[in-house]
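Structure first, commentary second.
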Amino acid sequence: MLYRIWKIQFRFKDAKGELDESGTGEFSDKRCSSWTDDALPDYKSSGDGSGSCPGGGYESTYERFCVDNNMDGTCDTI
248 MLYRIWKIQF RFKDAKGELD ESGTGEFSDK RCSSWTDDAL PDYKSSGDGS
298 GSCPGGGYES TYERFCVDNN MDGTCDTI
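Note that our numbering has the sequence shown beginning at 248, numbered continuously upward.
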């Protein structure tokens, strides 16, 4: 049986949990990469500053989670 170990950098900032799947330590919503199996090689930035990935096969390597106490779609201060 083959097991893969996947490491993700994370931090808590401004009462939000953030994940950086790129492994670079740059917690940015403007970063993208292309998946190969269970890895994110060929780390790239979208370049246009919009936070959109450059095209097919690319997706964000950054995720942010927060508490929404009243379910209005915005992060609440805790």
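Don't be surprised by glycine CBs; every beta carbon is placed ideally from N, CA and C.
Neighbour-count burial assignment, residue i, 16 or more Cβ in a 10 Å radius
i, result
"ILE268", "At residue 268 the sequence reads Glu, which differs from the Ile that was named. Answer is buried; the Cβ neighbour count reaches 16."
"SER280", "buried"
"ARG278", "buried"
Endpoints, the beta strand (DSSP E) within which residue i is located
i, result
"CYS300", "No beta strand (DSSP E) contains CYS300, which DSSP labels as neither H nor E."
"ASP267", "263-267"
"SER281", "278-281"
"GLU327", "Summary: the structure shown does not reach residue 327, with the chain confined to residues 248 through 325, and so no result is reported for it."
"LYS260", "256-260"
Distance between beta carbons of residue j and residue i, contact taken as under 8 Å
i, j, result
"ALA262", "THR324", "7 Å"
Given 8 Å, three or more beta-carbon pairs between the segment 254-269 and the segment 298-309: Yes, they touch.
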